[in-house]
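*Asks:* Residue numbers (UniProt numbering): 1 to 103.
My questions will all concern the structure given below.
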Ligand SMILES: [Zn+2]
């Protein structure tokens with residue numbers, strides 16, 4: 001994993017975004033969330049910033065999807081995973097590029 005340049009979001013009264021729970025780096029805009037699962041404390045996003053994604057040799061196959069674990073680009077805390085491949089084709093919910101973060 002290589003560290004990335006950190007992109008801060010504009011902080012205005014009407015901007016809402018998720019931050020890393022470890023260092024408060026801006027991670028994703030709430031408007032980019034697709035689904036929030038309160039029981040699992042997770043949110044599914046179509047886009048996120050300031051993440052580092054593990055190398056392809058470390059991808060993990062879970063049932064019919066392949067995921068890459070994602071970490072904060074600033075403090076490298078584990079934050080969730082990104083869908084990198086779907087075996088049976090994309091579903092309505094899981095598609096390549098979608099990111100699940102644990103809040
Ligand atoms: Zn962090």
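For every residue, glycine included, the Cβ atom is placed at its ideal position computed from N, Cα and C.
Counting along the chain, where does the beta strand (DSSP E) carrying residue 26 start and finish?
*Replies:* Here residue 26 refers to the residue found at position 26 of the chain shown. 26-29 is the extent of the beta strand (DSSP E) around residue 26.
*Asks:* Where residue 14 and residue 31 are concerned, what is the direct C-alpha to C-alpha distance, given to the nearest angstrom?
*Replies:* Mapped onto the chain shown, residue 14 falls at position 14. Mapped onto the chain shown, residue 31 falls at position 31. Their backbone Cα atoms lie some 11 Å apart in a straight line.
*Asks:* Around the Cβ of residue 80, are there at least 16 other Cβ atoms within 10 angstroms (buried) or fewer (exposed)?
*Replies:* Here residue 80 refers to the residue found at position 80 when the chain shown is read from its first residue. With a 10 Å radius around the Cβ and a threshold of 16 neighbouring Cβ atoms, residue 80 comes out buried.
*Asks:* Using CA coordinates, which residue listed in 37, 28 and 62 is at the minimum distance from residue 51?
*Replies:* Along the chain shown, read from residue 1 onward, the residue named residue 51 stands at position 51. When only C-alpha atoms are compared, the closest one is 28.
*Asks:* Quick one: residues in its chain with C-beta nearer than 8 Å to the C-beta of residue 37, no 5 flanking neighbours on either side, listed in chain order?
*Replies:* Taking the first residue of the chain shown as position 1, residue 37 is located at position 37. So the list reads 43 and 44, once near-sequence residues are dropped.
*Asks:* Based on DSSP bridge pairs, tell me the residues matched to residue 83.
*Replies:* In the chain shown, counting from the first residue as 1, residue 83 sits at position 83. Residue 83 is bridged to 67.
*Asks:* Grouping DSSP H, G and I as helix and E and B as strand, with all else coil, what is residue 32?
*Replies:* Taking the first residue of the chain shown as 1, we reach residue 32 at position 32. In the three-state DSSP reduction, residue 32 falls in the helix class (H, G or I).
*Asks:* Can you tell me which of the three DSSP states residue 58 falls into?
*Replies:* Numbered from its first residue, the chain shown carries residue 58 at position 58. The answer is helix: DSSP assigns residue 58 an H, G or I state.
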